[in-house]
Every structure is written in structure tokens, then in C-alpha cells.
Amino acid sequence: MYAMSPTSTKPLAISLFTCRALQSFNWENWPRENEICTIEANPSSVCGQGRIPLYSAVIHSVDEICAVVRFARQRNIRLVIKNTGHDSTGRSGAPHSLQILTNRLKDITFHDDFVPSQGDLGMDNPNASGVPAVTIGAGVMVGELYAAAAARGLIVVAGECSTVGVAGGYLQGGGVSTVLSPMYGLAVDHVLELEVVTAQGEIVTANEYQYDDLFWALRGGGGGTYGVVTKATMRAFRDIPAVIPTVHFIYPRANDVFWQAVAQVVRLTQSMSVNGNSGQYIVGHLPNYHWYVNWTMFVWDAGSNLVEEQIPPFLRFLDWFGIEYQYELAEYSKIGAFLTVPKQVDIGGIGYLQSSVVISESFMNSIAGASRLTASFSKLMLDPGALITVNVLGGQINLNAKDEDAASVNPLWRSSSLLVVLMQSFPPTPEAQSAAHQTLSQTNTPILASIDPEGGGVYFNEADPDQSDFQNAFWGHHYGRLHRIKNQWDPAGLFIVRNGVGSEDWDVENHQPQSWLSSAIGRPDEPAGENQSSGLFGTLKSGTCWETLNTAAPTEFVSAGPEAQACKSCPEAPPQQMPGSPNTGRQAGGFNPGLLPD
Numbered sequence: 001m002y003a004m005s006p007t008s009t010k011p012l013a014i015s016l017f018t019c020r021a022l023q024s025f026n027w028e029n030w031p032r033e034n035e036i037c038t039i040e041a042n043p044s045s046v047c048g049q050g051r052i053p054l055y056s057a058v059i060h061s062v063d064e065i066c067a068v069v070r071f072a073r074q075r076n077i078r079l080v081i082k083n084t085g086h087d088s089t090g091r092s093g094a095p096h097s098l099q100i101l102t103n104r105l106k107d108i109t110f111h112d113d114f115v116p117s118q119g120d121l122g123m124d125n126p127n128a129s130g131v132p133a134v135t136i137g138a139g140v141m142v143g144e145l146y147a148a149a150a151a152r153g154l155i156v157v158a159g160e161c162s163t164v165g166v167a168g169g170y171l172q173g174g175g176v177s178t179v180l181s182p183m184y185g186l187a188v189d190h191v192l193e194l195e196v197v198t199a200q201g202e203i204v205t206a207n208e209y210q211y212d213d214l215f216w217a218l219r220g221g222g223g224g225t226y227g228v229v230t231k232a233t234m235r236a237f238r239d240i241p242a243v244i245p246t247v248h249f250i251y252p253r254a255n256d257v258f259w260q261a262v263a264q265v266v267r268l269t270q271s272m273s274v275n276g277n278s279g280q281y282i283v284g285h286l287p288n289y290h291w292y293v294n295w296t297m298f299v300w301d302a303g304s305n306l307v308e309e310q311i312p313p314f315l316r317f318l319d320w321f322g323i324e325y326q327y328e329l330a331e332y333s334k335i336g337a338f339l340t341v342p343k344q345v346d347i348g349g350i351g352y353l354q355s356s357v358v359i360s361e362s363f364m365n366s367i368a369g370a371s372r373l374t375a376s377f378s379k380l381m382l383d384p385g386a387l388i389t390v391n392v393l394g395g396q397i398n399l400n401a402k403d404e405d406a407a408s409v410n411p412l413w414r415s416s417s418l419l420v421v422l423m424q425s426f427p428p429t430p431e432a433q434s435a436a437h438q439t440l441s442q443t444n445t446p447i448l449a450s451i452d453p454e455g456g457g458v459y460f461n462e463a464d465p466d467q468s469d470f471q472n473a474f475w476g477h478h479y480g481r482l483h484r485i486k487n488q489w490d491p492a493g494l495f496i497v498r499n500g501v502g503s504e505d506w507d508v509e510n511h512q513p514q515s516w517l518s519s520a521i522g523r524p525d526e527p528a529g530e531n532q533s534s535g536l537f538g539t540l541k542s543g544t545c546w547e548t549l550n551t552a553a554p555t556e557f558v559s560a561g562p563e564a565q566a567c568k569s570c571p572e573a574p575p576q577q578m579p580g581s582p583n584t585g586r587q588a589g590g591f592n593p594g595l596l597p598d
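So for the sequence shown, the UniProt record's numbering puts the first residue at 1; every next one is plus one.
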């Protein structure tokens, strides 16, 4: 079904029912309402829609996003944003919702000397001369960005999974790069500018010179919360050489010998994590009940003796205990060639949950740090299929602590050493899903949180969906400012996600305000009837809502300023003022978000 622009035969957006829309099937189900439809279900059983949005607007331009946002806002319909759908907490879907699908915004533009908007004002501005950068559309995936950059002899800080959308939740949640973060920092440290469609249906360009409050919040405050990011401009760096040693071994049981070997892996990684070197090790439980370790380091100084000095003693340790292993050493004249190769981590169509914790530099530098970390790993309930992934942090991430408030990620990232992520997969049955949630939240997440008394930060992008005290875990003392900015830019809660900023004010699954808000915001008088679904304060009528997209009478629209643009071909919004000055980003209250009656 198509919604047509009144002045064109080109579809303004495409709406469709989606039967399997998310990376993890557990977030397609809605156990609370008994709407579960798994591949193993009885073919004669009735399947509900679950948490899959009723409609998905397949976006081809920023103007179309404006249209959908205004449409949803004017009709009180819940919105969710999906880029590539890589989210272990279900933020890319929601019951009774309308989805904005941004994965077809694929433009990639490189700049030799990028200067942010308004950034060339003032003779003393250090950015006036510009820096190498790349501007990407919201749908550009990690693998696509790496390939485009490598073709130009460049690298960009991005993730490990090649099918993740860079500018979506990855970037807005902080952006850990397994390979590049210790050398360059988090991805948010290198964002120069963002184009955003706000809850008011306007396009703004946010950077450190204009709408700087929104720019700050989007660099770590979490995806799907402050608006729809349509473009991101990130700094690019010259490609560099690397030496990559890897060790892999399997052991039949998780006994003392195995955990001693894991402790040696932890110590080896710590000793080699210098001068921006990065690394990762995975401790996993195979379906055949064997256990394994995969270890990889990225050594940037090819002329150093680090590999020759550090690895042979570790291999002798494995030999001594009779642990068979595979050891390889690869050299790359440009790391971009490695980054462009798919890493077999593009999982999909499975059920899985994650939990994480940031381990501090002081903990790992302590004498007992490696032993205590390994002891905690051994206490985790790791069923077959579970794994622990540990990424090296520190380096430039911590050196960027000279201004820990420059981005909105938890300040604990700026004194970090490791990111520990636990992943548990499970079969497609309601019982298995429920058991996995219970094990994660009641056993494994508390164990992770107890490892480091000085750490405790949690990665927003790889978190327990039932994370307790999520405000402090994800953002620390930045949360108060993030919440104020959320209320200024989206006071009616058009963009709400599980454990996102401001979500504590809502019943997130039903997208209803908590009881103390009900009297102020109100609910519709008419209950959802046949073929209707409860949306954000209102209803989404299956099969009819898109026909009304271009029939609403336009009203006068007041732009926020020279850097805010109206849509070119979409229903106009009521007059309102946006909460930022184009040049200063200062707040201006008193605007009507359009969801509440005048």
C-alpha cells in the first residue's frame, strides 16, 4: 500500500505489514499479552502481531521522515525508529506502533576539509580550516563505510558487525570500536555534525556551534530518544598498518585448568594494551558442552618487539597444561583491508539477550585484577551457546577525559580498561525466553555489576533489557542534563524507548504515561475498537491511516531559524517554537509540541 505525494506520482512512503522485522525473535514476541509466534509454534495456532509495528514507513528521503513524524504527532500515534534493527533490548519495535525505517538513506560524501555549520565564524576558531571527514546517511552500514573509506586510504571509528547502521543506535549509544577505540576514542568523540528530524517535524543541523544541547545529547544519550538522525558527519583518519596475532583453543570442561588459562589471557591482554593497541577475547560455551577462547590483538607499532616478547610465554603455558591451540600472526600494511572483511558476527533470526559492564583502569592495574575478573567469569551461569566478549578500552578513550562532559556518555568510560559483554542465546520457545530473562536479570547481571566497585557503567547498546538503576548505569551524573534536554525537545514523549532517557515516566510497552502524568496529559475518550490498536494516547487503525497522510489540511508553519528547515512536501505542523537558538543552542521554553490540545 502506498501513500502518494499530492504533487508527484512517486510514493511518499511505503507502508507494509512485517512478519519478521527484528534481529532477535524474542523482541518480535509480546509475552505479556500472550502474542507469541515462533517458528516452532503449532501451525494451527493463532499468531498475534506482538511487538512488531503494525506499519513500517520505508524512507527514501528526509522529507518523508518529516511527513511521518508530523503525521504521527498530529494523530497521536506511537513512533519507533529502526535503522538496521541490531538491538538486544527491543528498541527497534513496539506494540501498536508506526515504524520509521531509515536503512535506505545510503549517501556517503567525503570531505577534505570539513567545517561544521557556523564553525567558520571567528578568526580564532581552530576548526575554521577544516578536517578530513565523511558524511553518511542514516542507513549506511559499518561494512559500507569501511569499504568506502578504505578505497580512499582512510579509516573511520565504527563497530565490528558489518551490517550495523553507523549513524543509528550504534553512534547515539556511544559507539565502541573493537579495533580502533583505544587508538582514537569512542565514535561519539569524532562526530562533527548531525542532521536530525525533531519531534516537531523540523530538520535541524546540530553541532557544537548551533543546537549544541541536542548535539551533546545525541552523542551518547541513546538512539530513538531525541529525534531521527538522518545524517552524521564524522572525522576520518589516514589508514595505518597493524600486526594482528590470534590464538584459539577449546577445552572439554570449565575446570580450574580452563579458568587458569583464561586468567593468563586476561594478563596477556593487559600487558599488550599499550600505545593505543586494541584487542578482544571471547570466552564461550559451545552447544556440545565444550568451552573455548578466541583471543585477538591489534598492535599498531609493527616495529616493536611486543608480539615476540609477550606471546611465546603464553603459548608455553598452554603447552604445559596440554591445551591444544591455533596461533596465527597476520600483518596488514593498512588496517582498512582488515576492516572491510566480514567477521562472521552478523547474527540474525535468533533469540538472544545481553548484559555488560565497564571495568575501570584502576581495577585492572591492581595486582589481583586479572584473578578477580576471571573468578567472576567462572561464577556466571553460562548455558551452551552463551559467551563473554571482552573489548579493550582505555587509551585515547581515557585521554579524552580532559573534557569528560564533551559527550553525554557515562563519565566512567573516561577511566575505563575493559568492556565486558555477556550474550545468551536461547531456542524459540516462550519457556526458554522467560528462563533466559530470569537468569540474566537475577544472576548474571548482578555478578557483572559486582566485579568492580569503582566501575559499574553499562554500555547502552549492549545492556540487560531489565537493567536496574539504568539512569546511573548508562549515564551517571549526565542523566539530569539529558532528561532536561529530552523534556525541552520532546516534552510529549513522541520518541520513547525501553530504558531510554525519560522512559521512567512511561509504561513503555503500552506507551502510556505513568499514573501521575495521566491527569495532565489525558487519554482519548474513545477506546480502541475493532481493527484498531492503542497508540500514543490515540489509535492506529489498521489499513486506513496511510490514506489520510496527505489529506490533512496544512496550517501555517513557523521555522525555528535559518538552520531549521521545513519539509518540502508533507503536511504542515501547527505554529511552534523550537528549543534552540541557531547560533547559541540556548533553550527557549513555552513551545507547544503539537500532541496536546491548544
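Don't be surprised by glycine CBs; every beta carbon is placed ideally from N, CA and C.
- Of T178, Q354, T198 and W216, the smallest CA-CA separation from V188 is found for W216.
- Annotation: S366 to I311 spans about 22 angstroms, alpha carbon to alpha carbon.
- V392 is a Cβ neighbour of G279, given a cutoff of 8 angstroms.
- Here C37 is buried, its C-beta having at least 16 other C-beta atoms within 10 Å.
- In the displayed model, G476 falls within a helix according to three-state DSSP.
- As summarised for the region 353-383, the continuous alpha helix (DSSP H) elements at least 4 residues long and confined to that stretch are 361-365 and 369-379, given in chain order.
- L154 has R238 as its beta-bridge partners, per DSSP.
- The beta carbon of A449 sits closer than 7 angstroms to those of V357 and G456, all from its chain and outside the five residues before and after it, given in chain order.
- As DSSP reads the structure, E195 sits in a beta bridge with T205 and K231.
- Non-local beta-carbon contacts of I59 in its own chain, meaning distances under 7 angstroms to residues more than five positions away in sequence, involve A13, I65, I100, L101, T102, R104 and L105 in chain order.
- Distance from the CA atom of G130 to the CA atom of T225, rounded to whole angstroms, is 30 angstroms.
- Linking L22 to T389 through their CA atoms gives a straight-line distance of about 22 angstroms.
- Judged by DSSP secondary structure, L329 falls within the beta strand (DSSP E) whose first and last residues are Y325 to Y332.
- Around the beta carbon of Q354, a 10 Å sphere encloses 16 or more other beta carbons of the protein chains shown; the residue is thus reported as buried.
- The secondary-structure analysis by DSSP pairs M297 across a beta bridge with G279.
- Around the CB of N444, 16 or more other CB atoms lie within 10 Å, so the residue is classed as buried.
- For F377 and Y211, the gap between their C-alpha atoms comes out near 43 angstroms.
- Minimum Cα-Cα distance from S371 among the listed residues L329, V262 and R152 corresponds to V262.
- With 16 or more neighbouring CB atoms inside 10 Å of its own CB, E28 falls in the buried class.
- Comparing alpha carbon positions, the residue from G227, H483 and S416 closest to F495 is G227.
- Around the Cβ of A436, a 10 Å sphere holds 16 or more other Cβ atoms; the residue is buried.
- When A67, D113, N76 and H111 are compared, the shortest CA-CA separation from S97 is found for N76.
- By the criterion of a C-beta distance shorter than 6 angstroms, G220 is surrounded in its chain by G174, V188, A407, S408 and V409, once the five residues flanking it on both sides are discounted.
- Rounded to whole angstroms, the gap between the alpha carbons of H248 and N294 is 5 angstroms.
- When rounded, the separation of the alpha-carbon atoms in S415 and A158 is 21 angstroms.
- Setting aside the 5 residues that flank it on each side, G480 has no residue in the same chain whose C-beta is closer than 7 angstroms to its C-beta.
- With the rule of 3 Cβ pairs closer than 8 angstroms, the region 197-207 counts as touching the region 485-494.
- In this structure, the beta-carbon distance from S117 to S24 does not fall below 8 angstroms.
- Distance from the CA of L315 to the CA of R267, rounded to the nearest whole angstrom, comes to 13 angstroms.
- Annotation for V299: A242, V243, I244, P245, M272, N277, L306 and V307 place their beta carbon closer than 8 angstroms to its own, counting only its chain and skipping 5 residues before and after.
- For F110, the three-state secondary structure derived from DSSP is strand.
- The C-alpha of A330 lies about 15 angstroms from the C-alpha of K343.
- Three or more beta-carbon pairs separated by less than 8 angstroms link the region 378-386 to the region 416-424, which places the two stretches in contact.
- Exclusion of the five residues before and after L218 leaves Q172, L194 and Y226 as the residues of its chain whose Cβ lies within less than 6 angstroms of its Cβ.
- G139 sits buried, since 16 or more C-beta atoms from the chains shown fall within 10 Å of its C-beta.
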